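Residue numbers (the working numbering): 125 to 699.
The C-beta atom is built at its ideal place from N, Cα and C for all residues, glycine as well.
Owing to the predicted nature of the structure, the values given are computational and were not obtained by experimental measurement.
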RNA sequence: CGGGACGUGGCGCAGCUUGGUAGCGCGAUUGCUUCGGGAGUAAUAGGCCGCAGGUUCGAAUCCUGUCGUCCCGACCA
């Protein structure tokens, strides 16, 4: 492609709407264009990179036995009502009505549609296992779209669904996808870590996220350097401190004026924070959005509540719970903002962290303004409706597997794999008949990759202060020829020859034949990040050109033919 | 949804405090010079100052509302 003919507009200045590197660079290179908040279009170079990623995904999915299909983005509400997610999914589901007032949504994911396909088409065990996938535009009406392609309302996703006879088959399908994902992200040039994850709104029992490591990433992961433990902090199990062998002491109410926070209470009573417990108060909503009772969650004073673990313990969707209005809640349950403890609380669901069961003589709120109670003990003084691990695993806490101190890192979630089991096949009646004509629900798995988010993650991991540094595999073009002075016939002829030779060799090549000053061309070449660069300039009369890789600082002078050969070799090795 | 900031030619911004009908840099077009790291010069085009009300003789500027955008939080495969 000749740059003089290409639809390309690079920006010299940083658009004020962008903060992080991938967003800034994708806008400055003109690869993406914003339409409205969270909705982006792709210009020629951007679209080529998207297609590169898609092609890598297709190759690996096909190699893993997947079959590509393409479903509509528009989905009828009926299917979502059948699975129960029409109400469970929440406001992120982008709902639309047709002219007759019938409800639809723009698909955020396609479990229902794929389940519907197989329940119609699959009836025999002989048709299983099967894996179907698509690469398609998805919609999620995000509360706060941000960082360009990182969290957008419209995005491209590859979603795959596996269908098996039983859980053993699912384990195998899951393993195959997991390995395919490792290949895909490696080929895209990403540094990533598969981590155990919560299954969220998609549902199911077992899940891994593929996280591209990056400081600007929105997911936080905990991992252990001594063993293989790696999980999102939402998911990571947090070990209880061992049960105390202290004697239970009698409860004692103490006056603790103006001590609303754990720090204040611990300071005032000269207690270790570990000898206190804190209360977090929530209001629960039913599927229609009406208030549906209160929840009080308790963790030790030095711990932090993990909301995901709480909603999982309650077995409700995440959006069905919110911090409670303490005054309103007080009238029903007797809680007192800042002084809430489990003793004296009534008419609400009490959820206690498992660590509290073995702890002894903790200080808790007295449910009375300016009073706390010392020596509160589980079992004797209060009981919980639910006991579960509710804690956030913090850096330095013992690894739940081996006990070594864990570390934390941030990352961009570029893919996730789930074991769904029969979560969809059962309610939607996707059954197959076995050898004995007996019906069984199909056992499903689902596997997603954020294609456009992967593009952003690649840029996050591969850039410098001058621009993008594309890995060969996802670069929009492999080689850029900078023709320093197009008016110089010798230079032009040498550049044209290299351009043609590279194309004949199957290399994707850009020829910068614009009537621009050299500085502009060099700056653009840096910004665009094309991996191999050949500069045709002063040396052209002697048949000499410069060869340079975007990622390297040094350039090499060589003959035009040698540069062409070197470029072909490098591209074929790396693409 | 809560908190904060911002909307002025394609992009980045000034002007607003103290109202008088819009300016700078980049970009674009044309000429001349220049030509290996975002050139110099001269000229030209391009803006109902987000939108709607209000105050005023007069509003980019003050007031109210509204829409949009970004950041933090809430939320989020």
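Here residue 511 is not near residue 488, since their CB atoms are 8 angstroms or more apart.
Secondary structure note for residue 179: its alpha helix (DSSP H) is the uninterrupted segment 168-187.
DSSP places residue 466 in no beta strand (DSSP E); its state is neither H nor E. One thing to note: residue 279 has its Cβ no nearer than 8 angstroms to the Cβ of residue 572. The criterion of a C-beta distance shorter than 8 angstroms is not satisfied by residue 236 and residue 556.
Around the beta carbon of residue 433, 16 or more other beta carbons sit within 10 angstroms, so the residue counts as buried.
Distance from the Cα of residue 364 is smallest, within the candidate group 437, 478 and 596, for 478. Here the stretch 265-276 makes contact with the stretch 143-157; the two share three or more CB pairs at distances below 8 angstroms. Contact check for residue 694 and residue 649: beta-carbon distance about 16 angstroms, past the 8 angstroms limit, so the pair fails to qualify.
CA-to-CA, the gap between residue 175 and residue 146 works out to about 18 angstroms. Between residue 368 and residue 482 the beta-carbon gap is near 6 angstroms, inside 8 angstroms, which marks them as a contact. In the three-state reduction of the DSSP assignment, residue 379 falls in the strand class, which pools E and B. Nearest neighbour of residue 425 by Cα position, chosen from 402, 415 and 267, turns out to be 402. Of 140, 143, 134 and 177, the smallest CA-CA separation from residue 156 is found for 134.
Residue 665 and residue 617 have their C-alpha atoms some 10 angstroms from each other. Residue 241 sits in a helix when the DSSP states are folded into three classes. In the three-state DSSP reduction, residue 424 falls in the strand class (E or B). For residue 204, the enclosing alpha helix (DSSP H) begins and ends at 201-207. With 16 or more other CB atoms across the displayed protein chains lying within 10 angstroms of its CB, residue 255 is buried.
Between residue 494 and residue 399, the gap from beta carbon to beta carbon reaches 8 angstroms or more.
Excluding residues up to 5 positions away in sequence, 197, 218 and 263 lie with their Cβ nearer than 6 angstroms to the Cβ of residue 230 in the same chain. If you ignore the 5 residues before and after residue 538, its C-beta comes within less than 8 angstroms of the C-beta of 309, 314, 316, 334, 335, 336, 573, 574, 577, 578 and 581, all in its own chain and listed in chain order.
Taking each of 672, 653 and 418 in turn and checking the Cα distance to residue 170, the smallest one comes out for 653. A contact is defined here as three or more CB-CB pairs under 8 angstroms, and the stretch 674-689 meets this definition with respect to the stretch 617-630.
Annotation: residue 380 to residue 388 spans about 9 angstroms, alpha carbon to alpha carbon. For residue 495, no alpha helix (DSSP H) segment is defined; the enclosing uninterrupted segment is the beta strand (DSSP E) at 495-500.
Rounded to the nearest angstrom, the Cβ distance from residue 603 to residue 525 is 47 angstroms, too far for a contact under 8 angstroms. Per DSSP, residue 391 is one residue of the alpha helix (DSSP H) stretching across 386-393. Look at residue 529 here: in three-state DSSP terms it is strand.
For residue 330, there is no enclosing alpha helix (DSSP H); the enclosing beta strand (DSSP E) covers residues 330-337.
The beta carbon of residue 615 sits closer than 7 angstroms to the beta carbons of 607, 608, 609, 660, 661 and 664 from its chain, once the five residues preceding and following it are set aside; these are given in chain order. Judged by DSSP secondary structure, residue 286 falls within the beta strand (DSSP E) whose first and last residues are 278-288. For residue 565, the enclosing beta strand (DSSP E) begins and ends at 563-565. As the crow flies, the alpha-carbon of residue 216 is around 22 angstroms from that of residue 285.
Note that the C-beta distance between residue 228 and residue 200 is below 8 angstroms. A buried status is given to residue 637, since no fewer than 16 other beta-carbon atoms sit within 10 Å of its beta-carbon.
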